[in-house]
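**Q**
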Amino acid sequence: MKWNPEPILAIFKMRLKVYSRYPGWIILDIIAPIIFSVIPFLFAVGIAGSLERAAEIFGNYAGTREFLFYIAIGSAVWGFSTGITWDFGMWLYEELETGTLEQILLTPVKVYELLLGAILYTSFISTINFFLSITIIAILFNCLHYVLSIDFVLALLVVVLGIIPLMGLALFFGALVLKLKEPWAFFNFLTAFMVFICGVFYPITILPPIARAIAVVIPITIAIADARAIIFHLNFIFNPKIDLILLIVYAFLWPLLGMHMYKRVEKELRQRGEITVF
Amino acid sequence: MKAKGVIRDIVTIAKFNLKIEMRYPLSYVGAILNLLFWILSFAVLAMMFSTGSGYEIIVGNMILWGIVAYLVFQIMLSEVAFGFVRLQRRGTLEQIFLAPIKEWTLPLGLVAYSLVIYFVFSLLTIAFMVVFLGIPLIIRNALSGAFNFILFLMMSYGFALLFAGLMLRLKRAGWSLVNFIQFFVMIFGGVFYPFRSLPEIVLFISRAIPFSYGLDLLRTSIVDVDPELVPSVINFLGFTISGFLLEELLVIFISVLSLVIGYMYFIATLNDAKRRGYLATY
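Read top to bottom, the protein sequences are chains A and B.
Take 6 as the starting number for the first sequence in our numbering and just add one per residue.
Take 926 as the starting number for the second sequence in our numbering and just add one per residue.
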């Protein structure tokens, strides 16, 4: 299979141009993880009665008293992953809603190239937003020493490795959106489910075994837990080697599954003449 | 006869929207699951941080009513402000406004419909929180709570109209603005925590948001504790009034004002859109 970089770059640039026209969205994407870090933090302080008591309790469960930055890492990685899955799925849906999806799919380029361009754009934007959010949180809450360490660079590498399976996940969910035509329903469920199961606000060790088993199937669980383990010197999900192998396996498995799902749905819609039907 | 006709129009709009929404049960399953998993996530946090002092029951109830109130605000904004833009985007808004009904009945019909949805979601929220967080429900002053809830509805509707007008003008850029406001209110409006646990700097911002007073009055009157955003007793020019009364007067003022401003701005935008022809363009 021969790849042509031109359409990939063209769709990447087109989407970037549209995004840059709405600075409000850019700001919102950056501040969302900050908000989702501060809310559970203040909630915890409210329940525990004081910041000191909250930090002490959190330390007993998670192994570190730095619970704001701990939650911030979870929220930023979660924001980054929902950004990738949500944006790509919504893009497909918006093209379907406005009736332009069929036109796009009729352009004389391979469907892989179109999808790759769109997913690369989403991943690029989400990565930049992730980095900006975490840096702002670190500056605001006096945690910059964590960001300016080698450990943080290593943690970033783990998060970046998690992008590949996320692209596959995005494709998988994007195909589901095309089939079900109700993206809000789907993403409403998915975003909240990921917060609960992937340990965004707390360590997954607190969840029951069955929930933990489901959690490790989702790549961002590993990305969140391992990034925290590196930064705060905590336990990994299994151990560094097994976690890395799992991420690499997911990096192959999820894109293949996503592509298979997408091709199946597209074929189905094409046969029924529903690509342009909203 | 005239009033009867208007009520019939509002009920028709509400029924029309409900009928459409009922055709997409999946979106409600998604929204219910969203609610469930968010509450489960906070339930895990509550379980971790609970100290067993007994004060958590009051805090839990404050959070519960905070979420219920935020749902009103959020649903009104979604169904009224986003609702108009959805219609504008699909190109049906101009057709709808050509129907022989009063213009102000359309947002009211959307609100009536969203309140039906809200009622179901509020009951679910209360049930989820009572079950998963183990919070015994406290309703000590139902009458005062009901009155303050009506004020809160008025305030939320006023803001929803204001944002509906803004979104008709701003189009896609307006989505991020309204989303930002929802986030802003969520964090500074004390939805997930009592105001008393907030740091002074956050409290300073909370006091500048009208929503905070509506929420504070609503939940403290239901749970029957002193309001958190105003002192318990205020001495002014030799007169002594309770903090509760002051907050009550303040919320009545804000509710009426936001309703008047919201309505005026919405109608002004509508007329402007008709004149300049952007009612049907997105």
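A virtual CB, placed ideally from N, CA and C, is assigned to each residue, including glycine.
Between Thr103 of chain A and Tyr27 of chain A, what straight-line distance do the alpha-carbon atoms span, to the nearest angstrom?
**A** Between Thr103 of chain A and Tyr27 of chain A, the C-alpha separation is close to 19 Å.
**Q** Quick one: is Trp963 of chain B buried, meaning 16 or more other Cβ sit within 10 Å of its Cβ, or exposed?
**A** Buried: at least 16 other Cβ atoms inside 10 Å.
**Q** Helix, strand or coil for Val1158 of chain B, going by three-state DSSP, please let me know.
**A** Three-state result, Val1158 of chain B: strand.
**Q** Along the chain, where does the alpha helix (DSSP H) containing Phe1007 of chain B start, and where does it finish?
**A** Per DSSP, Phe1007 of chain B belongs to no alpha helix (DSSP H) and is neither H nor E.
**Q** From which residue to which residue does the alpha helix (DSSP H) around Thr90 of chain A run?
**A** Residues 72-102.
**Q** Whole-angstrom Cβ separation of Ile1000 of chain B and Ile938 of chain B, contact assumed at under 8 Å?
**A** Wrong, their Cβ atoms sit about 16 Å apart, outside the cutoff.
**Q** Chain B beta carbons: is any one of them nearer than 8 Å to that of Ile52 of chain A?
**A** Cβ-Cβ to chain B under 8 Å: yes for Ile52 of chain A.
**Q** State whether the stretch 176-189 of chain A contacts the stretch 262-270 of chain A, with contact taken as three or more CB pairs (one from each stretch) at a distance under 8 Å.
**A** With the cut-off at 8 Å, the stretch 176-189 of chain A and the stretch 262-270 of chain A touch.
**Q** Apply the 10 Å Cβ neighbour rule to Met1189 of chain B and answer buried if 16 or more other Cβ atoms are within range, or exposed otherwise.
**A** Burial call: exposed.
**Q** Given a cut-off of 8 Å on the beta-carbon distance, is the pair Leu1154 of chain B and Ser1137 of chain B in contact?
**A** A contact, by the Cβ cut-off of 8 Å.
**Q** Would you mind sorting Pro1061 of chain B into buried or exposed? The rule is 16 or more other CB atoms within 10 Å of its CB.
**A** Exposed.
**Q** Which bits of chain A does Gly1083 of chain B rub up against, with CB to CB less than 9 Å?
**A** Result: empty, since nearest Cβ-Cβ is about 23 Å, beyond 9 Å.
**Q** Just by C-beta distance, which residues in the stretch 1115-1146 of chain B are closer than 7 Å to chain A?
**A** From the stretch 1115-1146 of chain B, only Phe1117, Tyr1118, Pro1119, Ser1122, Leu1123 have a Cβ closer than 7 Å to chain A.
**Q** From the DSSP secondary-structure annotation, give me the bridge partner or partners of Thr127 of chain A.
**A** For Thr127 of chain A, which the question treats as bridged, DSSP gives no partner whatsoever.
**Q** Nearest by alpha-carbon distance to Leu1237 of chain B: which of B:Phe1007, B:Ser952, B:Glu981, B:Gly1139 is it?
**A** Nothing in the structure corresponds to residue 1237 of chain B, since chain B is present only between 926 and 1207.
**Q** Going by Cα to Cα distance, which pick from A:Phe241, A:Trp83, A:Leu185, A:Trp96 is closest to Leu171 of chain A?
**A** Among A:Phe241, A:Trp83, A:Leu185, A:Trp96, the Cα nearest to that of Leu171 of chain A belongs to A:Trp83.
**Q** In the stretch 978-999 of chain B, which residues sit with their C-beta less than 9 Å from some C-beta in chain A, listed in chain order?
**A** Cβ contacts with chain A: Ser978, Tyr980, Glu981, Val984, Gly985, Met987, Ile988.
**Q** State yes or no: is the C-beta of Tyr126 of chain A within less than 8 Å of the C-beta of Leu21 of chain A?
**A** Yes; because the gap between Cβ atoms is below 8 Å, this pair is in contact.
**Q** Could you name the residues of chain A that Met1111 of chain B contacts, counting a contact when the two beta carbons are closer than 8 Å?
**A** Under the 8 Å cutoff, chain A gives Ile40, Ile44.
**Q** Pick helix, strand or coil for Thr112 of chain A, following the three-state DSSP scheme.
**A** In this structure, Thr112 of chain A counts as coil in the three-state DSSP scheme.
**Q** Can you tell me the Cα-Cα spacing of Ser154 of chain A and Arg233 of chain A, whole angstroms?
**A** For Ser154 of chain A and Arg233 of chain A, the distance between alpha carbons rounds to 13 Å.
**Q** For Ala1037 of chain B, which residues in the same chain have their Cβ closer than 8 Å to its Cβ, ignoring the five residues on either side in sequence?
**A** So the list reads Ile935, Val936, Ile938, Ala939, once near-sequence residues are dropped.
**Q** Which residue marks the beginning of the beta strand (DSSP E) containing Ile1166 of chain B, and which one marks its end?
**A** Run containing Ile1166 of chain B: 1164-1167, per the beta strand (DSSP E) assignment.
**Q** Can you confirm whether Trp1029 of chain B, when its beta carbon is compared against all beta carbons of chain A, has any partner nearer than 8 Å?
**A** Output row for Trp1029 of chain B: interface = no.
**Q** Since Phe73 of chain A meets chain B, which of its residues come closer than 7 Å, beta carbon to beta carbon?
**A** Note on identity: in this sequence residue 73 of chain A is Leu, with Phe being the wrong assignment. Neighbours of Leu73 of chain A on chain B: none; closest Cβ ~12 Å, over 7 Å.
**Q** State yes or no: is the beta carbon of Met1001 of chain B nearer than 8 Å to at least one beta carbon in chain A?
**A** Met1001 of chain B does not count as touching chain A.
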